[in-house]
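Residue numbers (mature numbering (1 follows the signal peptide of the UniProt record, and there is no 0)): -19 to -1, 1 to 426.
We put the beta carbon where it would ideally sit given N, CA and C, even for glycine.
Quick notes on the structure that follows.
The following block contains the structure:
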């Protein structure tokens, strides 16, 4: 669902959004008079548009989304109960979606009443606080306890007094693994046994030695997923809450880089590019033993290896992290912020999140859902009848908020490039120093 996407241009430009839009009251007034949806030069040609409700509804809302969410189908019930409201949904590719949103916010016109923002992108919009409605002004404190603490914090400013968005789905990370490869290597293969075997990264490395020796198969398919897993367990990543670069002043990311490099040099990591046919093909034919990935990756596994019977799910060594999810925001151009928030409150209540999980596999940000029968009695035949939902929920409950910063994507790109260089034979210590240099150059532009 949440595939890798480059938004570097948007993230960089967002840092200047407030200045660029300063003194734009005239444009804002024009946008409000025109419904806030027709003035900005956005590209919606490839959008999937769904209109719900009466054409002459008293309140007309617009909602921009990316990917396939199933929200229009869910909203039919809301429209039935609230006939005075109509909603136009626009669903489009994630990169185009964020570009369109940035364009509308910059222009001071053309933004929708509600807009989703992907979790890795949201910090890039926080420099433009005045372009959004503070959801605390609409009663967000009344629903705050419905959501995981860390997921709520991601949608807040650093001070915690401005709430940009309500969390939708999340991406708790786990270890997908091939039971047949573990069996061939003479290792335990049942999920409970594998979790007992691989409690630490040292255990992971030792199991990798056995798998490589007995089967010739690397433990994982590329440096990116391994590095992400290790990085996301750290209490700090690339920037502190003042958005100061901390790569060379805290040990966590360097340790993740060096640990990943060591496993590359030992032959435990292949280098299939994420989202390539080769990566998907290896998922099917057993090209690697584990996939360290978020809950939404289960759909990717099923799509790439539809006839496989050997994939299983276990907890990540030393705990999970989060990769993916989004937030629903209300741009300040909306003529109907109260009505928009009322719909958001309904859509993201535990009852609807439970339905979104059943219908589309969106993993809930509301922990109350984890106690519902949908979760406690869930089983997935593809994964051997496992209750995979409980494994994902355990990871979600263990996770903690980590500040990312608006240039997170820039830094991450340089680090992944560095790991590719290590795979190609570069010395890890020298490459790390080169990464620091490239990051400093890139972030100081």
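Within 10 angstroms of the Cβ of residue i, are there 16 or more other Cβ atoms? Answer buried if so, exposed if not.
i, result
"residue 257", "exposed"
"residue 287", "exposed"
"residue 346", "buried"
"residue 102", "buried"
"residue 104", "buried"
"residue 57", "exposed"
"residue 378", "exposed"
"residue 426", "exposed"
"residue 360", "exposed"
"residue 340", "exposed"
"residue 97", "buried"
"residue 241", "buried"
"residue 354", "exposed"
"residue 432", "Here the chain covers residues -19 to 426 and nothing more, so residue 432 does not appear."
"residue 198", "buried"
"residue 30", "exposed"
"residue 35", "exposed"
"residue 251", "buried"
"residue 120", "exposed"
"residue 399", "buried"
"residue 412", "buried"
"residue 422", "exposed"
"residue 111", "exposed"
"residue 332", "exposed"
Cβ of residue i versus every heavy atom of the ligand SAM: is any distance shorter than 6 Å?
i, result
"residue 76", "No copy of the ligand SAM occurs in the structure displayed, which carries no ligand at all."
Under the assumption that residue i contacts residue j (Cβ atoms under 8 Å), give the Cβ distance between them as a whole number of angstroms.
i, j, result
"residue 214", "residue 302", "6 Å"
"residue 211", "residue 237", "4 Å"
"residue 307", "residue 124", "That belief does not hold up - the Cβ atoms of residue 307 and residue 124 are roughly 17 Å apart, past 8 Å."
"residue 203", "residue 254", "7 Å"
"residue 167", "residue 191", "7 Å"
"residue 59", "residue 70", "That pair is no contact at about 12 Å."
"residue 395", "residue 420", "5 Å"
"residue 154", "residue 273", "7 Å"
"residue 224", "residue 387", "7 Å"
"residue 25", "residue 81", "7 Å"
"residue 350", "residue 334", "5 Å"
"residue 280", "residue 342", "6 Å"
"residue 152", "residue 344", "7 Å"
"residue 309", "residue 94", "In fact, because the Cβ distance is near 10 Å, the residues do not count as touching under 8 Å."
"residue 297", "residue 170", "17 Å between Cβ atoms; not a contact."
"residue 33", "residue 68", "5 Å"
"residue 55", "residue 317", "Residue 55 to residue 317, Cβ: 19 Å. No contact."
"residue 417", "residue 193", "Contact doesn't hold; Cβ gap of about 31 Å is too wide."
Report the partner residues of residue i according to the DSSP bridge assignment.
i, result
"residue 29", "72"
"residue 46", "72"
"residue 307", "99"
"residue 41", "67"
"residue 159", "292"
"residue 440", "No statement about residue 440 is possible, as the shown extent of the chain runs from -19 to 426 and does not include it."
"residue 361", "367"
"residue 150", "345"
"residue 137", "144"
"residue 201", "250 and 271"
Using DSSP with H/G/I as helix, E/B as strand and the rest coil, what is residue i?
i, result
"residue 99", "strand"
"residue 419", "helix"
"residue 144", "strand"
"residue 193", "helix"
"residue 247", "coil"
"residue 129", "coil"
"residue 227", "coil"
"residue 87", "helix"
"residue 179", "coil"
"residue 220", "strand"
"residue 399", "helix"
"residue 280", "helix"
"residue 271", "strand"
"residue 113", "strand"
"residue 314", "coil"
"residue 388", "coil"
"residue 376", "helix"
"residue 405", "coil"
"residue 287", "coil"
"residue 260", "helix"
"residue 78", "helix"
| query | Do three or more CB pairs link the region 259 to 277 to the region 216 to 234 at distances below 8 Å? | reply | Three or more beta-carbon pairs separated by less than 8 Å are not found between the region 259 to 277 and the region 216 to 234, which leaves the two stretches without contact.
| Cβ contact (3+ pairs, closer than 8 Å) linking the region 45 to 52 and the region 129 to 147 | Too few Cβ pairs lie closer than 8 Å, so no.
| request: Specify whether the region 120 to 140 and the region 227 to 235 touch according to this definition: at least 3 beta carbon pairs, one from each stretch, less than 8 Å apart. | output: No contact exists between the region 120 to 140 and the region 227 to 235.
| Between the region 56 to 76 and the region 323 to 330, do at least 3 Cβ pairs fall closer than 8 Å? | Cβ pair count under 8 Å is three or more, so yes.
| message | Could you check whether the region 290 to 299 touches the region 151 to 162, counting it as contact only if at least three pairs of C-beta atoms, one from each stretch, sit closer than 8 Å? | response | Contact annotation: the region 290 to 299 touches the region 151 to 162, with at least three C-beta pairs closer than 8 Å.
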